[in-house]
Amino acid sequence: MKRVPILDLAHVIRSKNSGPYELTFDIVFKDRAGYRLAVASGILTAELFARLYGIGIEQVLNVVFFAEACAVKATIVRPVVSGDIGDTDVYGAQQHAPLLGIAFPVARTP
Amino acid sequence: MLPNGSADVTRVLSPTAILGYGFPVDSLREGLRRHPHVIGVDAGSTDPGPYYLGAGKAFTDRTAVKRDLRLLIEAALSEEIPLIIGTAGGSGGEPHLRRDLDLVVEVASELGLHFRLGVVHAELDKGRVVEALRRGEIAGLGPVPELSVAAIESSVRIVAQMGPEPLVQALESGADVVLAGRAYDPAVFAAVPLMRGCSRGPAVHLGKILECGAIAATPGSGSDCLFGSLEGDSFEVEPLDPGRRCTVTSVAAHTLYEKSDPLSLPGPGGRLDLSRTSFEQVSDGKVRVTGSRFVPSDGYHVKLEGVERVGCRTVSIAGCRDPFMIAAIDEIVEAVTRRVHHDLGLDGDKCSLRFNLYGRDGVMGQLEPSRSHVPLELGIVIDAVAPTQQVADTLCSYARSTLLHCSYPGRVATGGNLAFPYSPSDLPAGEVYRFSIYHLMAVKDPCELFPIEYVEV
Chain R
1 MKRVPILDLA HVIRSKNSGP YELTFDIVFK DRAGYRLAVA SGILTAELFA RLYGIGIEQV
61 LNVVFFAEAC AVKATIVRPV VSGDIGDTDV YGAQQHAPLL GIAFPVARTP
Chain C
1 MLPNGSADVT RVLSPTAILG YGFPVDSLRE GLRRHPHVIG VDAGSTDPGP YYLGAGKAFT
61 DRTAVKRDLR LLIEAALSEE IPLIIGTAGG SGGEPHLRRD LDLVVEVASE LGLHFRLGVV
121 HAELDKGRVV EALRRGEIAG LGPVPELSVA AIESSVRIVA QMGPEPLVQA LESGADVVLA
181 GRAYDPAVFA AVPLMRGCSR GPAVHLGKIL ECGAIAATPG SGSDCLFGSL EGDSFEVEPL
241 DPGRRCTVTS VAAHTLYEKS DPLSLPGPGG RLDLSRTSFE QVSDGKVRVT GSRFVPSDGY
301 HVKLEGVERV GCRTVSIAGC RDPFMIAAID EIVEAVTRRV HHDLGLDGDK CSLRFNLYGR
361 DGVMGQLEPS RSHVPLELGI VIDAVAPTQQ VADTLCSYAR STLLHCSYPG RVATGGNLAF
421 PYSPSDLPAG EVYRFSIYHL MAVKDPCELF PIEYVEV
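Protein sequences, first through last, are from chains R and C.
Reminder that position 9 of the first sequence reads as 9 in our numbering, one-by-one numbering, no gaps.
Reminder that position 183 of the second sequence reads as 183 in our numbering, one-by-one numbering, no gaps.
Shown next as structure tokens:
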């Protein structure tokens, strides 16, 4: 099974607060082909994000596909509210690293 | 003063992402050459955390804000168009509004300008919020705890986020410049279009893009202008710096920014439905957006933001370069924490002692999945929070000295366990707040929570 690394396909991979209680991740693909490949792989699910971040599936609030922007968005409950005791990232902008290792399985064409 | 121009097209200029972030004068001039009907600017955000709302301080720098205000007030008055500023002073509460109001008055005096200023207040009386809670008019917004009367009463400050309606009211009452407290970011851009009869969906969506200045262009910038032009059920958006372009990707991707769902964006009065929105590149740097719809909610709801005081913080920053200490750091931190709590006898409910370990999981904390590698060095931040600065100082100091001299398995470096970059090593960091209210409140009238005063400057 061939796997295409996410960095070959996406030019934006980021995290940011969506209000102080939620953390939202965006993956923006370079082009429609890359977006389609990623979506077709079927791996961009709530389960994937729960696994990458070691959180319960109920902490993943949504996974949204936004074709107009060739983008996928996932939002999770912030484990610590922004700026509260124990927070490590007030803006939530540096929580994206686990996404960088994603690789999309591609079925070989016969 | 009324906006000028034809009722068919409405043009909106956004100079920058946040008032005080700056913008090139050339971009502003280019924008004015296109005869906008209004200049709108967002002056704040909750991004920087709860401190600023709690402490009544602005996260935007006074000198930087004044610089922007000089250029914008002068531009608006000379073009005879309104200037609308939302979420004044960074957080939009009373002290924040006061800070930016003083700057507006200073600028006007220095430039010899006279105009009517509409000041729209957004800080709420706690009693009003308690009343609403008792009448069942408050709902949670996302994964937040249910609101209680106790939480409202223990809050330090509560603001409500206004929609465009109070801004429209201020303009209709003759304000040339409107300075508003906490406002829904797109509202400052949507107010004049709505007055001119533009459709609400495109007006609010345009506002959503303009609020971040040239961040929606490529290369993006939070310190440059963006220009929008509304007509019918669509709008066009473009940057004013010839070195930047709006592309379908840059604009569409911007819709994702800082929001949980790019297709349905809730706000005062309803939600923006982008499920049928299309983006089209109409020229090299300009994008047309069509089909954005506003779906009114059942009743009108405004977002409340509130904070409570946690205590005071003192931090100490130190490095560690010893491999045996690094290998044993978890046990060491645990032992030091136990020792400090035991020796000082502090109230665990009111005091907090944490150790941020950079090089291991300082950035991601409990979300960090990679724990197998051993770093060469650790950056340690001792974070002590207690009811008063004095107790926070004591807690930090005791933790720091204990960590500096404690023993651990394999220890050979008995000169001291920590490398401090500074003297003094302990840095009092002031008041600590946390968000305690992030809820929706139902109102009968979009303007009822937002009194307006008029100042003849």
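Note that the Cβ used here is the ideal one computed from N, Cα and C, for glycine as well.
Predicted model, so just to flag it, every value in this text is computed and none were measured.
- Shortest Cα-Cα distance from Leu69/C to any of Ala58/C, Leu83/C, His439/C, Tyr358/C involves Leu83/C.
- Your pair Val381/C and Ile317/C checks out as a contact, with CB atoms roughly 5 Å apart and the cut at 8 Å.
- When the Cα atoms are used, Ser352/C and Gly311/C turn out to be separated by approximately 10 Å.
- At a beta-carbon threshold of 8 Å, none of the residues of chain R lie near Asp445/C; the nearest stands roughly 25 Å away.
- In the three-state scheme derived from DSSP, where H, G and I count as helix and E and B as strand, Lys16/R is classed as strand.
- Annotation: Cβ neighbours of Pro79/R in chain C (cutoff 9 Å, chain order): Gly365, Gln366, Leu367.
- Nearest C-alpha to Gly56/C among Thr388/C, Val120/C, Glu431/C, Pro95/C: Pro95/C.
- In the same chain as Phe420/C, and ignoring 5 residues on each side of it, the C-beta atoms closer than 6 Å to its own belong to Ala318, in chain order.
- Chain C has a Cβ within less than 8 Å of the Cβ of Leu52/R.
- Interface flag for Glu47/R against chain C is unset, since no Cβ pair is found closer than 8 Å.
- Counting along the chain, Cys320/C sits inside the beta strand (DSSP E) bounded by residues 300-320.
- Only residues of its own chain outside the window of five on either side were considered, and among them Val4, Leu9, Phe104, Val106 have a CB closer than 7 Å to the CB of Leu37/R, listed in chain order.
- Along the stretch 2-22 of chain R, going in chain order, the ones with a CB nearer than 7 Å to a CB of chain C are Val12, Lys16, Asn17, Ser18, Gly19, Pro20, Tyr21, Glu22.
- Residues of the same chain with a CB within less than 6 Å of the CB of Leu378/C, apart from the 5 flanking positions on each side, are Cys320, Ile326, Leu357, Gly359 in chain order.
- Two segments are said to touch when three or more pairs of C-beta atoms, one from each, lie closer than 8 Å; by this definition the stretch 73-87 of chain R touches the stretch 432-439 of chain C.
- In the three-state reduction of the DSSP assignment, Glu123/C falls in the strand class.
- A direct Cα-to-Cα measurement between Val188/C and Gly269/C gives close to 15 Å.
- 8 Å or more divides the Cβ of Phe227/C from the Cβ of Leu206/C.
- Listed along chain C are Asp47, Pro48, Gly49, each with a C-beta nearer than 9 Å to that of Tyr91/R.
- Contact check for Ile73/C against Val107/C passes: the beta carbons are separated by less than 8 Å.
- Looking at the backbone, the Cα of Gly348/C and that of Glu131/C are separated by about 34 Å.
- Residues of chain C whose Cβ lies closer than 7 Å to the Cβ of Gly34/R do not exist; the shortest such Cβ separation is about 12 Å.
- Put simply, the backbone Cα of Pro451/C is about 17 Å away from that of Met441/C.
- With respect to the 8 Å criterion, Glu47/R and Ile57/R are classified as neighbours on the basis of their beta carbons.
- With contact defined as three or more Cβ pairs closer than 8 Å, the stretch 175-184 of chain C and the stretch 107-123 of chain C are in contact.
- The residue from Asp273/C, Glu258/C, Pro15/C with its alpha-carbon nearest to that of Ser264/C is Asp273/C.
- Straight-line spacing of the CA atoms in Val248/C and Leu19/C works out to 26 Å.
- A residue is called buried when at least 16 other Cβ atoms come within 10 angstroms of its Cβ; Glu331/C does not meet this threshold and is exposed.
- Three or more beta-carbon pairs separated by less than 8 Å link the stretch 16-29 of chain R to the stretch 66-75 of chain R, which places the two stretches in contact.
- Counting only residues of its own chain and dropping the five nearest sequence neighbours on each side, Leu77/C has a CB closer than 7 Å to the CB of Leu113, Phe115, Asp176.
- C-alpha of Val289/C to C-alpha of Phe279/C: approximately 5 Å in a straight line.
- With respect to the C-alpha of Glu238/C, the residue from Ala217/C, Arg34/C, Ala191/C having the closest C-alpha is Ala217/C.
- In the DSSP secondary-structure assignment, His439/C is bridged to Gly140/C, Leu304/C.
- Per the DSSP secondary-structure output, Ala10/R pairs in a beta bridge with Phe29/R.
- Check the Cα spacing between Leu147/C and each of Lys126/C, Val65/C, Leu344/C: the tightest is with Lys126/C.
- Here Glu431/C is bridged, per DSSP, to Cys312/C.
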